[in-house]
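Student:
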Ligand SMILES: [Zn+2]
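Numbering (this note's numbering), first residue to last: 5 to 213.
Okay, here's the thing in structure tokens:
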């Protein structure tokens, strides 16, 4: 694709995605975090606490996927996103994933907060747009995994690892309750497309309750 995000460097693509997500209300203020693999063992991730509408390439740190150690940081004092553990969990579970995007949208909060207590998944609606999550059935019965929110992000990451190791999800996406969506893809453009499609689906679900 001529203008694919995959033609850019990982950090340049993430800067573009951050501006776009901020403008669309999916990464307000400093909320949300984005990552892309540099190679099999390392990925770039947003620095903690930076306004998502104004990132540049120096607002990403290179971390080691295995343990989260910082390998490269353009600015002294920058720390990797507090939610880096979730990105590490996804890259460990999905070796094919090249990018992982996490936002905090109103629709993601509404839909996940309304789910019954202890629900572990939400059934996706049978609408055309679920094809954008690679579900190619006439009347799909596909679930979007749901995880409980806690301030202890490491616990969310552990739970994602535990559950997905037993049963890989039908879609490359998950929700954390009253918090937001995380989506991954084999490339930056694919992850971006999936995130955009998921936000459409969440908007539909929020309005059709
Ligand atoms: Zn978050």
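Quick reminder that beta carbons are idealized off the backbone N, C-alpha and C, glycines included.
(1) At the level of alpha carbons, what is the spacing between residue 137 and residue 76?
(2) Among the residues of its own chain, which have a CB less than 8 Å from the CB of residue 158, if the five just before and after it don't count?
(3) With distances taken Cα to Cα, identify the nearest neighbour of residue 152 among 120, 126, 180, 143.
(4) Does the region 22–31 touch the region 77–97, meaning 3 or more C-beta pairs lie closer than 8 Å?
(5) Helix, strand or coil: how does DSSP classify residue 184 here?
(6) Any idea what DSSP makes of residue 37, helix, strand or coil?
(7) Is the distance from the Cβ of residue 189 to the Cβ of residue 198 below 7 Å?
(8) Nearest by alpha-carbon distance to residue 168: which of 154, 150, 155, 72 is it?
(9) Closer than 6 Å to a non-hydrogen atom of ligand 1 - does that hold for the CB of residue 184?
(10) Can you find at least 3 beta carbon pairs, one from the region 129–147 and one from the region 47–62, that sit closer than 8 Å?
(11) Compare the Cα-Cα distances from residue 112 to each of 18, 36, 12, 21 and report the closest residue.
Tutor: Taking the definition as stated:
(1) If you number the chain shown from 1, residue 137 lands on position 133. If you number the chain shown from 1, residue 76 lands on position 72. Distance between the alpha carbons of residue 137 and residue 76 is about 33 Å.
(2) Stepping through the chain shown from its first residue, residue 158 is reached at position 154. Cβ neighbours of residue 158 beyond the five flanking positions: 89.
(3) For the purposes of this step, residue 152 is taken as residue 148 along the chain shown, with counting starting at 1. The shortest C-alpha separation from residue 152 is found at 180.
(4) Not touching, per the Cβ criterion.
(5) In the chain shown, residue 184 corresponds to position 180, counting from 1. Here residue 184 sits in strand by DSSP.
(6) Along the chain shown, read from residue 1 onward, the residue named residue 37 stands at position 33. Three-state result, residue 37: strand.
(7) Sequence index remark: in the chain shown, residue 189 carries index 185 (1-based). Sequence index remark: in the chain shown, residue 198 carries index 194 (1-based). In contact: residue 189 and residue 198 (Cβ atoms closer than 7 Å).
(8) Here the question's residue 168 lines up with position 164 in the chain shown. Per the Cα distances, 150.
(9) Start at 1 with the first residue of the chain shown, and residue 184 comes out as number 180. Residue 184 Cβ: within cutoff of ligand 1.
(10) Result no; under three Cβ-Cβ pairs closer than 8 Å.
(11) Along the chain shown, one-based indexing puts residue 112 at 108. Distance check between residue 112 and each of 18, 36, 12, 21 places 36 closest, using alpha-carbon atoms only.
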